[in-house]
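> Below is one structure. I have some questions about it.
2 protein chains.
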Amino acid sequence: MHNPLNFQSIMLALEHFWAEKGCLIWQPYYSQVGAGTMNPATFLRVLGPEPWNVAYVEPSVRPDDGRYGDNPYRLQQHYQFQVILKPDPGNPQELYLQSLQALGINPLEHDIRFVEDNWESPALGAWGLGWEVWLDGQEITQFTYFQQAGGFNLEPVSVEITYGLERIAMALQGCYNFRKIQWSPDYTYGDVNYQAEKEHSQYYFETANIERVREMFRLYEEEANLALDKGLVLPAHDYILKCSHNFNILDTRGAVGVTERQAMFGRMRDLSRRSAEAYIAQREGLGFPWLQKQTAAHGHNEIPDPQLSLPTHQKADGPTDFLLEIGTEELPAADLENAIQQLEQLVPALLDDTRLEHGEVKVLGTPRRLVVWINSLAPTQADLTQKVKGPPADKAFDKEGAPTPAAIGFARGKGIDVKDLKKEEIDGGVYLMAEVHQTGRSVFETLPEKLAGLTANLRFDKAMRWNASGVAFSRPVRWLVSLFGSQVIPFEYAGLTSGRETRGLRFSEKETTALKDSGEYFSFLESQGILADPQKRKEEIASQVARLQTSIKASPDVDDSLLAEVTNLVEAPTALLGNFNQGHLLLPPEVLVGVMKKHQRYFPVRDNQGKLMAHFITVRNGGSQHLEVVAHGNEEVIEARFADAAFFMQEDNKHTIDDFIPRLDTLIFHPKLGSMLDKTGRIIKLTESLSKQLNLSQEDQSAALEAARFCKADLVTKMVVEMTALQGVIGRYYALKSGKNALAAQAVEEHYYPRYSGDSAPASMPGLVVGLADRLDSLAGLFSVGMAPSGTKDPFGLRRAAIGLVQNLIDKNISMDLQQSLSDASDLLPAPLKPEVMRACSEFITGRFENLLLEEGFKHDVVRAVLAEQAHDPAAAQHAICELTEWTARKDWGEILPSYARCVRITRDLKEVFPLDSGRLLESQEKDLYNAFEKVRTSIGTDVSLGVCLTNFVEMVPVINSFFNTILVMDKDQKVRENRLALLQAIAGLFIGKADFSQLEGF
Amino acid sequence: MHNPLNFQSIMLALEHFWAEKGCLIWQPYYSQVGAGTMNPATFLRVLGPEPWNVAYVEPSVRPDDGRYGDNPYRLQQHYQFQVILKPDPGNPQELYLQSLQALGINPLEHDIRFVEDNWESPALGAWGLGWEVWLDGQEITQFTYFQQAGGFNLEPVSVEITYGLERIAMALQGCYNFRKIQWSPDYTYGDVNYQAEKEHSQYYFETANIERVREMFRLYEEEANLALDKGLVLPAHDYILKCSHNFNILDTRGAVGVTERQAMFGRMRDLSRRSAEAYIAQREGLGFPWLQKQTAAHGHNEIPDPQLSLPTHQKADGPTDFLLEIGTEELPAADLENAIQQLEQLVPALLDDTRLEHGEVKVLGTPRRLVVWINSLAPTQADLTQKVKGPPADKAFDKEGAPTPAAIGFARGKGIDVKDLKKEEIDGGVYLMAEVHQTGRSVFETLPEKLAGLTANLRFDKAMRWNASGVAFSRPVRWLVSLFGSQVIPFEYAGLTSGRETRGLRFSEKETTALKDSGEYFSFLESQGILADPQKRKEEIASQVARLQTSIKASPDVDDSLLAEVTNLVEAPTALLGNFNQGHLLLPPEVLVGVMKKHQRYFPVRDNQGKLMAHFITVRNGGSQHLEVVAHGNEEVIEARFADAAFFMQEDNKHTIDDFIPRLDTLIFHPKLGSMLDKTGRIIKLTESLSKQLNLSQEDQSAALEAARFCKADLVTKMVVEMTALQGVIGRYYALKSGKNALAAQAVEEHYYPRYSGDSAPASMPGLVVGLADRLDSLAGLFSVGMAPSGTKDPFGLRRAAIGLVQNLIDKNISMDLQQSLSDASDLLPAPLKPEVMRACSEFITGRFENLLLEEGFKHDVVRAVLAEQAHDPAAAQHAICELTEWTARKDWGEILPSYARCVRITRDLKEVFPLDSGRLLESQEKDLYNAFEKVRTSIGTDVSLGVCLTNFVEMVPVINSFFNTILVMDKDQKVRENRLALLQAIAGLFIGKADFSQLEGF
């Protein structure tokens, strides 16, 4: 075995590789930058239309990644190798993978994956879509298609490849600590950089003088603006970089509150936008001189002219299997699922539309391909005969019976002879009628346009452009297969023309193959181990995972959502087992699980008691060769990640939970609503009143109040800053660690419940109450400052807050007047809600509640009926809806509702409520009704459910019917009439506060 | 012919080359640095004992080198390639030259030279000795042996090699403008960096906000100190670099006065010292872990143990020619001359001392060798017989006549038998005497130690250490030849042992050769074209230059001092002619000449009218091969230099000379004496009074006053800031350009005359007067604030000022009372001189005057005699000294002086001056003397020269003699006695204010 490259040789080898590929070799920038992206050779050069291919090393400084040299992976300064390919050369992934081979990484021995990772820089006004590249679970590269920079759309799009050189060196050298990387034959990375890690970490975390660093920021910003005023782009850019670095120092020192952060980002973004604008103008002023330059040396970047590339059409004899494959760079899991769903709708519709007979339609997909398979597709459309209406018959022929120009023109237009026109009576008039016969066209004529349209019509949450075709897709489309049996149905999309060439797994023996016919496709995939059918893939993974679990006697649980995601991350799944250090089991299981699932998509492994085991299961893409290498890489990654989590907790544990509370003052909730500390104050007060209102036990009350005090404290801990999803959980751990009441600690975690749709409600009353208080404050507060959700915008998650509020009350079956509670919350705000805003807020909550009920399957009319009267009390309303649902299902409902409806309908438009005087009742039916009503009224009392009301009401139904059958309500005598109306009004009022039956079907 | 490397390939090739040689490849620093030296990989790593070999690219930012991209060579950012070899590997020059070959530079086609250039960084507290490396006249590399950094002595010394990559690329690619350098196959250097040059130049020269940049400096400094307080070396270093860059911006904006500059340097030096100290302590605390590391891979760095390497001695038969060659890296011209002079003294003394007979001794030398050649050196010393005195005879033998222990011990000590001791009378005592015979030892025994001592005893103004031997020499000694005929006389110095191996020209066919015997030496040198004899070399150069001058009909003048320097810059001289653009002849000839001589050591070429021609002559080292390449390189260099001068003048010419005057306020003369503008004010006033005092014509007076106003204005021009030697000259040009009076303009230049020893005096009276005023102000002013020169320290050049003052008065024969003028100057100062300081100042001037006169060859006593009376008036004093010199040479002086001396001697100790009453004269001789005196006195009058006085006095001589022969002065009668003494006192007083003859020999 040859010696692996040392660190300096890796840099040199990459420079050589990319120079060979036509890149200009550039140098690291003379300023502290967080990434090679900030080097003007990237940030500015990606702007405008000129081609640019460049590669360089960039020592990248990220103060908050400092770990005093103690973490094996995380460094305040790491070395990036940055490549920009502008425009997209058409094969950037392949070029990249070649470069790994040039470094001595044998891809057959590893699991190399492109895992969705999008990029955004708020300070640079820039974003792009792409991936992290994983080598055995370790992120070694960021791969991004830039879409915007400085707020400008990028045309052409640039491909950015950012290697993490330490990670690559570790993998090559088989050492999993940066200090051990061999830098040169004589020195390790630790030799030359460990001291720097220690010192800079200390400086950034502990020493830097906040006032001075902030003052520098201000001076830099002014100087940048001054330079821009003079049109000096590069000097300005230098100061923007200095701003950015100083911002990072401030942030690491914990000196930037949420609002200040936004403000500083805004200031930097403004500067970036100005400098981008000035740069583009400058290049334009020079006439974009580089447009003449040769672009990247491999020449894949020319978009062929579809007119020229389409071959002549062919004919087919009979029904044949059709294959459409849209070959892509790795699709994000959600986009893959989404695209399959769309295709399942679109393809049958397309076939109907084109009148092509066909057998079964299958839509399949993997991260690198979307597949449509149509069994026995007819080679031609069915013929079609259509009648077309022409001019009125009396205008079609003159007096001599000869056709008028109108008739002649109509016939010509339809391509038939005037003689063949017929007359027909339509809606009382007589018209000419042409019978048009359309012969079915071949798939070669009809499908090209349709298939192109099908592909173009797929929609994604985030779509990207990549080449001169300008089309947008989830990720670049790189090949298209469209085979009707053995024949290509050529169509054009994204600068590609469909053909018969498909691709298998990267680096496999047959990485690409030309299919003889569509029938070969699945056997080719099978030979590669690719499971194109997501369902089969999921099952295969589940069974592999289960086998591994069994092998170590673990509990056989599999997380469904993770399984679904992992299914969409691989084409050829092979599950494998990895281990980690037992010692990490001392970390909270939520942290371990969070790290494994969120960062690494590993399945955590639990024993039969539900306790985490020091194992994980991951699913590689590819076969079972060299699994031990893949496992080892993954193990090292998770070790480092756990070490990092331990670092955060260790840092946090230098303080008690109480220590964090004052620091909430630096965290702005909303500028007009104050800090999170202010919010905490309001939560405490609301908790206090709600606790009493809901009759909490003394123990619960005091736990709730205690929890309210530090329910938000963990937001300023390092652990939560790093893993936001663990808010509450971490609060609980730290509260317990600080010796707090266990119930209060539990409440801190539970006050966020439910955190997502399907999550459980708080188990404890204190958790419930603090959560209610938190959500009431958020809803009332944010509505009061005009931050109500609108359209798809809901930056503060108020939809979730409203749903949580309602769900918890239902779940605990707690009756509570939301209206009143909102009003209480409003009173605590800096400025209480105006009535119309309060109303809007209530309606917003009701709206969410209604959706919830409808999703649960309740009928629309039932929900409406109850909410009209009880929306303010979700638990009660839910109960009533259940009852009403049952009642409306009764056979006799068709009698009950109408009898009540008669009472309502006759009275509902009255402006006046009449007094009922039982003494004035004349007829017996009238008196009977009164007596029945009185009986019901008294037996209902107040606090009674809708069901009880109805049960009582049912007894009145015959009496009501009899009443209406015999009595004329609208008697001539006003007093008699009004008295009868008063009786009916009273009956109609029986369900006030329970339900508005007029909303029900059949009313 | 193969394609030359492009810019990026040059960097890669150097990285490969030095990695191969065992260097760690490092990256550019993430901060704006003026040079790779400031990268911590140099600045910190050269400290302490640990080995360190590193190489890296460093984009280096020097704001004041910005030329808006218009100069072909000068850039605000250039790319350095930095190499550090620690310790010295023993052959760093050779390694370096190999690296040039690796880049494709064929050394046989070029003139590659090591030209003295020492390096000092006041901000880093660092210095070193070394060279610029010239490639065809173009500086392509700085090569330095670091001696100190951060104020600490470096042990071991580091070799720093700093390539200027643009220069190398230009030479390789044959393009002489940075914009045309091919960076990559597709892009030029101009493509990627021209815009940056333009913008940053504008930012640094015009835009940067001075207050903000200064404020940043302050914040950086505080942050650096804070970091150092916490022991954080690297964070502190980062801020020091930022300080340095901001200082450079301020400087480029012209915002740093002289004192502020010193203060800021001091602040940065303090920081550098602190960080260096902390770094060393840190490494020491770690136990200097890298001491165990392998050092540079070539292994030349071990110092052999001299004990082991010395071969056994040999014998020789008869007188033989001896050769000593001390082979060095290129010696500075002055050191070479100096070393030859020392050897010319030391070698004969050494031979005398060792009693070795010998023929002619020749001392020769070139930049790379010091050579001692001794004809017919005796193989052994002459025998020596010495008498040695022993104990007193009476203590040597006991009563029995047997020798005492004293005698026995003495005899044994001298190695002879007691019997052979003799007795001898010395100074009245009788002693034992041993006659010791010493047989002459062979050269192999005696010379090794002597030769080592000879080498070690050479002294240089600036010496350097380079290897573990710790010896100091002008430049590293790399080989030693010591041949006695065919036999080596081995000695050890600087870790080397002398042998028979010598070296010729680098890259010549026989670069090294082992000499069979000393006789081969000169033929070997001749075969290489090396002229070891400086005199012959000088003559050869002069004749080559003359031939070239003749070839273009130029005037045959050769600048002597330049000729002397050039002689010491080459071993094998070949003169060649180069041309430059005629257009540059529009620049002032002083500028052209200054650039050619100072920067490039070119001989300017003038036509027979004395006008500069667009040619130059330079002398390469080596033969005449590829002279056209060498010439072309040199031509491009001088073009760029002239373009740079034109840039400065063009920038300056945006203003009139008057515009510069107010800016003198930013230039501090001395903190207690104000700015140069304040000084200008004083010069104006002094000029005014001196003009009147010296009776200048009205025209001269007004020209002098005008000149005084702007005599210092050019000090703030870019041209003078760049080429200080042109102060005054540039002032004249700019004054004329601004339409000033020609006489005043001339005075601006001339007020600095004489600028150096041997320079001419001002031609014009205004020039003279302004110069007097300037010097009087400097002398009085700087003495007043305690800045009088002391020891060798004379930072303000007061010695030169005093000499200039005196010389000009003499030259113009202008009588002036310096005492009075100094007092006038003093009155204008912020605080006038105290009397004792005024006296010290006068004495200082007199001291310089006296030296001047002695150097002119006047006799010491004559000078003393006149200066005692007339030092305050140099012109008069000089005149008197000339006269007195003539008089003292007269035959009758032996009579004249004694007769006067008799009058003085009898009276000089009297405390009282007696009144002379001619009526009381008694004797005729007495009366005769009185009459003679009266005649002389009246004929002398006042304002008469010493010569006239003497001519008159001579007539009195016989009368004086007759008086003393007959008259008893000390008569008993007090009145008579006092009257006679009064007469003699009057005669003695005849020369008061002219000379004090008592100082003369023979008085």
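Chains as they are written, first to last, in our numbering: chain A, -6 to 996; chain B, -6 to 996. Yeah, the Cβ is synthetic: ideal placement off N, Cα and C, and Gly gets one too. From a predicted model like this one, the values you see are computed outputs, not experimental measurements.
Could you work out which residues of chain A lie near ILE161(B), taking near to mean beta carbons separated by less than 8 Å?
In chain order: nothing, as chain A lies at least about 16 Å away.
> According to a CB-to-CB cut-off of less than 7 Å, which residues of the region 213 to 230 of chain A neighbour chain B?
GLU215, GLU216, LEU219, ALA220, LYS223, LEU225, VAL226, LEU227, PRO228
> With a threshold of 7 Å between beta-carbons, can HIS291(A) be considered close to chain B, or not?
Its pLDDT being 46, under 50, HIS291(A) is placed unreliably by the model, and nothing is read from it.
> Nearest to LEU579(A) by CA position, among GLN643(A), SER536(A), LEU620(A), PRO527(A), is which residue?
Looking at GLN643(A), SER536(A), LEU620(A), PRO527(A), the one whose alpha-carbon comes closest to that of LEU579(A) is GLN643(A).
> Applying the 10 Å Cβ sphere with the 16-neighbour rule, what's the burial state of MET589(A)?
buried
> Using a cut-off of 9 Å between C-beta atoms, extract the partners of GLU43(A) located in chain B.
Chain B residues near GLU43(A): none, gap ~10 Å exceeds 9 Å.
> Which runs of the alpha helix (DSSP H) fall wholly inside the region 119 to 196 of chain A and span at least 4 residues, in chain order?
DSSP runs (the alpha helix (DSSP H)) wholly in the region 119 to 196 of chain A: 158 to 166, 182 to 195.
> Any Cβ of chain A within less than 7 Å of the Cβ of LYS665(B)?
no
> Residues in its own chain within less than 7 Å of LEU660(B) by CB, not counting five upstream and five downstream?
The beta carbon of LEU660(B) sits closer than 7 Å to those of GLY250, VAL251, SER668, MET669, LEU708, VAL709, all from its chain and outside the five residues before and after it, given in chain order.
> Based on the DSSP output, what are the partners of GLN379(A) in its beta bridges?
VAL429(A)
> I'd like the list of long-range same chain contacts for ILE133(A), defined as Cβ closer than 6 Å, with 5 residues on each side in sequence excluded.
For ILE133(A), the CB contacts under 6 Å within the same chain, skipping 5 residues up- and downstream, are VAL126, GLY157, ARG160, ILE161 in chain order.
> Just the C-alpha distance for ASP999(B) and GLU583(B), rounded to the nearest angstrom, thanks.
The displayed coordinates of chain B run from -6 to 996. Any statement about residue 999(B) would go beyond what the structure contains.
> Is the shortest distance between the beta-carbon of TYR61(A) and the beta-carbons of chain B less than 7 Å?
The Cβ of TYR61(A) sits no closer than 7 Å to any Cβ of chain B.
> Would you mind reading off the limits of the beta strand (DSSP E) that contains GLU564(B)?
Here GLU564(B) belongs to no beta strand (DSSP E), and DSSP marks it neither H nor E.
> Is it right to say VAL152(A) is buried, meaning 16 or more other beta carbons lie within 10 angstroms of its own, or is it exposed?
So VAL152(A) counts as buried.
> Please name the residue in THR373(A), ILE233(A), GLY143(A), VAL185(A) whose C-alpha comes closest to that of ARG266(A).
The closest CA to that of ARG266(A), considering only THR373(A), ILE233(A), GLY143(A), VAL185(A), is found on GLY143(A).
> Under 8 Å by Cβ, that's how I've got VAL929(B) and LEU976(B) pegged, so tell me the actual separation to the nearest angstrom.
About 12 Å separates the two Cβ atoms, so there is no contact after all.
> Since PRO385(B) contacts TYR424(B) with CB under 8 Å, what's their CB separation in whole angstroms?
6 Å
> Excluding the five sequence neighbours on either side, which residues of its own chain have a C-beta within less than 7 Å of the C-beta of ALA706(A), listed in chain order?
Here the set comprises ILE650, PHE653, ILE654, LEU657, GLY724.
> May I have a chain-ordered list of the beta strand (DSSP E) segments no shorter than 3 residues that lie completely inside the region 11 to 71 of chain B?
45 to 54
> Answer yes or no: does any C-beta atom of chain B fall closer than 7 Å to that of VAL50(A)?
Chain B contact via Cβ: present.
> Within this structure, are the beta carbons of TYR138(A) and MET457(A) separated by less than 7 Å?
Judged by beta-carbon spacing, MET457(A) lies within the 7 Å limit of TYR138(A), meaning their Cβ atoms are closer than that value.
> Run through chain A and tell me which residues come within less than 8 Å of ILE18(B), C-beta to C-beta.
GLN1, MET4, LEU5, SER177
> Look at the alpha carbon of HIS193(B) and the alpha carbon of GLN739(B), and state the distance between them as a whole number of angstroms.
Rounded to whole angstroms, HIS193(B) to GLN739(B) spans 38 Å at the Cα level.
> Could you tell me the boundaries of the alpha helix (DSSP H) in which LEU729(B) lies?
722 to 730
> In the DSSP assignment, find the alpha helix (DSSP H) that holds PRO228(B) and state where it starts and stops.
226 to 245
> Would you identify the three-state DSSP class for TRP283(B), choosing helix, strand or coil?
helix
> Output yes if chain A places a C-beta closer than 7 Å to the C-beta of TYR727(B); else output no.
Chain A contact via Cβ: absent.
> Looking only at its own chain, which residues have a Cβ that is under 6 Å from the Cβ of MET(-6)(A), when we skip the five neighbours before and after it?
Because the pLDDT at MET(-6)(A) is just 47, under 50, the model does not fix this residue reliably, and the point stays unresolved.
> Quick check on DSSP: helix, strand or coil for LEU983(A)?
helix
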